[in-house]
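Chains as they are written, first to last, in the numbering used here: chain Y, 65 to 277; chain C, 65 to 277; chain G, 65 to 277; chain P, 65 to 277. Note that beta-carbon positions come from the ideal geometry of N, C-alpha and C, so glycine has one too. Below: one structure, written as structure tokens.
Number of protein chains: 4
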Amino acid sequence: MAVKYPAGVSQPSYAQRRKQQLRQEILDAAFDVFAERGYHDAGVADIAARVGIGHSTFYRHFESKRDILEQVITTLITRAASALNADNAPDAATTLPEYRAQVQRIAEALDEIASDLRVVRILLIEASGVDADLQQRVFGLFDFAINATAAYFNNGRDRGYLRADLDTTATAHAVVGMILGTAILGLKPDIDTNTRRLLIQAAVRLMFDGLVD
Amino acid sequence: MAVKYPAGVSQPSYAQRRKQQLRQEILDAAFDVFAERGYHDAGVADIAARVGIGHSTFYRHFESKRDILEQVITTLITRAASALNADNAPDAATTLPEYRAQVQRIAEALDEIASDLRVVRILLIEASGVDADLQQRVFGLFDFAINATAAYFNNGRDRGYLRADLDTTATAHAVVGMILGTAILGLKPDIDTNTRRLLIQAAVRLMFDGLVD
Amino acid sequence: MAVKYPAGVSQPSYAQRRKQQLRQEILDAAFDVFAERGYHDAGVADIAARVGIGHSTFYRHFESKRDILEQVITTLITRAASALNADNAPDAATTLPEYRAQVQRIAEALDEIASDLRVVRILLIEASGVDADLQQRVFGLFDFAINATAAYFNNGRDRGYLRADLDTTATAHAVVGMILGTAILGLKPDIDTNTRRLLIQAAVRLMFDGLVD
Amino acid sequence: MAVKYPAGVSQPSYAQRRKQQLRQEILDAAFDVFAERGYHDAGVADIAARVGIGHSTFYRHFESKRDILEQVITTLITRAASALNADNAPDAATTLPEYRAQVQRIAEALDEIASDLRVVRILLIEASGVDADLQQRVFGLFDFAINATAAYFNNGRDRGYLRADLDTTATAHAVVGMILGTAILGLKPDIDTNTRRLLIQAAVRLMFDGLVD
DNA sequence: TATGAATGAGTTTTCATTCAT
DNA sequence: TATGAATGAAAACTCATTCAT
């Protein structure tokens, strides 16, 4: 689908588009290669070979190996943040069932992303394994998630459909942690789609009702 | 305090003890260095330098760099598994308050371990970043934790102090995920001891009572 | 003189020729270095330095140090085998003088090769000193020489110009041994070209007429 | 059998004898190890382990790894030289049959030595592969053999049972070369005792009668 | 512009030899 | 005296990055 360009902005030339496209191909290849072999084991040559270009061409599009990892991660973070935001606003839910439904939707959206184990691997393992800076970037996403979640909780507590004594920040922490940890556990080789669904269900149920009730 | 040796077992010679001790010093140094710089960035030379020995002396005690990482991880896994087991049996708790107290104890024991961020970093980041094999080892620990947790849940459900419709395995997954994820979130630089305590409390509360009640 | 390429086979590009040429330069340097310092004492760095390239460039052309030795030896073996074959066929000689002349020619051809002491050193000393595999390769050459020689002897015996009771295989062994041993003795520092000629003469004479007559 | 010591020379003490004995054991082990793995691949540790002593003890008896190789080689050279000398004198033979018998005896004695492939390997391959100095030592043996052989030839020529026009030095060279080369060819894996005997026979026959007659 | 060739910095590992017990 | 522990020098090899075509 052709992208529309605003008036006054000249459409990029063919060459520029080609360049953009190649850039994207390289990004995709890097994503695959990093996920398969890990950042350190992956060579720039591997990435280039997968795209079918010379190693040197790689450097016309990215500063360094580290640079492309950063870009891959940025993309993933952006995507995850969108999933958290999409069609959801902290004050959209006014009743418990509404909120519950909303949580279910968010959970499924995140699962959609995390079901691609490569995303989990790169975001949680490789990013942190390479560099404190990159780790910070990812942790920024977590902070964002925690804050968003806390906002939801505040809304629910204010409206009265969540516990009045809820420590919203700390609990948000716990919930985001649960998402995170579940995603990591999903790296275990033997988890199929069905199990994932049961897990989400159990997690959402736990979140709302706890073990007891 | 001198260690007692059983009759018939000759106490290790001075040289042997020295050797053991040096081995332990190297292990400790490796633990630190791996945590600080990451496995790939850390050189055998760094480890040796920290202990104050020559590079090649390292190889008198460990097969390879990979070998020592494995040993470090094995130690950590063992320690974590002990913490999970210590003084706890799945059927020890017969009432909800008892179980709650037990969970609190376990949570604190794990937090004690995880408060050393280096442990978290090595176990969760480095292990997985290096090798599929090592990742498996760590995941074995998680499986153990999940199974143990499920056993507790089964006990509680059978005794009637937990929900009758509890999907014990899936929920155990979610709970272990929560522990895991919280540990990782603990790597964020700005978390102090007090915050940790609040987090644990919120997590335990969430686990038992959920958001609602 | 420009090499002619058959129709349909595009002439190698300049870059390819350059690469071939560099490869050959490295081979030559390795040949020299191995002969001078011996395989074990020679470093890849020495070879690279002699060509005037960086150490790692070496690895763009050869798999490993062992690899290049193998290639050097293969070349030498091929050359020696050609010398044995060149313009000679086992049944070319029908009379004793003809055969005698043929032997003289072969002897001179081999001497031509062996006069380069580096060849002898690498083929007989280094190859065997490094690896059983390489030794096998060289011994394959000897076997070839023995078989070829035996074929000549058979021809001569059948035609009646050699002893009827000649044990052709065993004698071929002895003759090839003589060539081999003489080549090794040629490594002695004090042997000049003239002496070599006398040696060949004496050897050929011995071979045909023995000590007695 | 106890060795007799001349009057006035005090018999070595027990400790000294033990030391001598251990030294010999180390020499034997080195001989084996060098032959099996080659000088460069063999470690001092291997030698020590085979004797059952610590690596360090090795250095109480030999200066260095190189040193022990030298001693091993010296021993072998001495043994080979003895075989060449034993009960033979250049002028012992006065007739052709006598000389022929003498040659046969010498050939068998040398074969006895060379049938231990380890001797051949160490003397011809390892010695030359390590060091120019060691190679010289071995070549000294060859020179000795050549000179001795030439002396025999001179005697035979003077007495009239060998060709009058024999270039004794050059032919001696050829003959010693034949011995040498045959010994090397003996390293081929598929040569059994019987073949060896046929080879010797063929060589001696060739030496005396040539191909023709 | 795209490329493959070239590179050197960096790392793991080995092993002969010395030292302290 | 015998030993194992310690060592550092050396060496092969890899790979991200630059350069010349």
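Terminal residues of the alpha helix (DSSP H) in which residue i lies
| i | result |
| --- | --- |
| P161 (chain C) | L160 to A178 |
| I132 (chain G) | K129 to N149 |
| I111 (chain C) | V108 to V115 |
| F203 (chain Y) | A196 to R223 |
| E89 (chain Y) | Y78 to R101 |
| D273 (chain C) | T257 to D273 |
| A238 (chain Y) | T232 to L249 |
| R185 (chain C) | From DSSP, R185 (chain C) is part of no alpha helix (DSSP H); its letter is neither H nor E. |
| F126 (chain G) | It is not in any alpha helix (DSSP H) - F126 (chain G) carries neither H nor E in the DSSP assignment. |
Proximity test, Cβ basis, 9 Å: residue i and chain G
| i | result |
| --- | --- |
| Q168 (chain P) | no |
| G102 (chain P) | yes |
| A99 (chain P) | no |
| A234 (chain P) | yes |
| L226 (chain P) | yes |
| F208 (chain P) | no |
| G220 (chain P) | yes |
| T259 (chain P) | yes |
| K252 (chain P) | yes |
Cβ shell of residue i (< 8 Å), same chain only, five flanking positions each side left out
| i | result |
| --- | --- |
| V184 (chain C) | A178, A247, I248, G250 and L251 |
| V97 (chain Y) | A106, D110, I111 and R114 |
| L181 (chain G) | A99, G250 and L251 |
| A191 (chain Y) | L133, I137, L198, Q199, R201 and V202 |
| R124 (chain C) | none |
| R101 (chain P) | D110 |
| I141 (chain C) | L187, R201, V202, G204 and L205 |
Cutoff 9 Å: residue i Cβ touching any chain P Cβ
| i | result |
| --- | --- |
| T246 (chain G) | yes |
| L230 (chain G) | yes |
| I189 (chain G) | yes |
| M65 (chain G) | Unreliable placement is indicated for M65 (chain G), whose pLDDT of 49 sits below 50; no coordinate value is reported for it. |
| R223 (chain G) | no |
| I27 (chain G) | Because chain G in this structure spans residues 65 to 277, residue 27 (chain G) falls outside the shown range and cannot be described. |
| A156 (chain G) | no |
| L262 (chain G) | yes |
7 Å CB neighbourhood of residue i in its chain, flanking five on each side removed
| i | result |
| --- | --- |
| T233 (chain P) | A214 |
| M65 (chain G) | Any reading at M65 (chain G) must be qualified, since the residue scores a pLDDT of 49, below 50, and its modelled position is unreliable; no value is offered. |
| N152 (chain G) | Q166 and I170 |
| A236 (chain G) | I210, T213, A214 and F217 |
| Y225 (chain C) | T159, L160 and Y163 |
| F122 (chain P) | I90, V108, I111 and A112 |
Min CB distance residue i to chain Y below 9 Å
| i | result |
| --- | --- |
| K129 (chain C) | no |
| D305 (chain C) | Residue 305 (chain C) lies beyond the residue range present for chain C, which begins at 65 and ends at 277; the question has no answer from this structure. |
| V239 (chain C) | yes |
| T159 (chain C) | no |
| L249 (chain C) | yes |
| A266 (chain C) | yes |
Own chain residues within Cβ distance below 6 Å of residue i, not counting five before or after
| i | result |
| --- | --- |
| A93 (chain Y) | I111, R114 and V115 |
| I186 (chain G) | F98 and A99 |
Residue-chain proximity (residue i, chain C), Cβ-Cβ < 9 Å
| i | result |
| --- | --- |
| F217 (chain Y) | yes |
| V276 (chain Y) | yes |
| R269 (chain Y) | yes |
Could you list the residues in the segment 180–206 of chain G with a C-beta less than 7 Å from some C-beta on chain P, going in chain order?
I189, E190, S192, G193, F203 and F206
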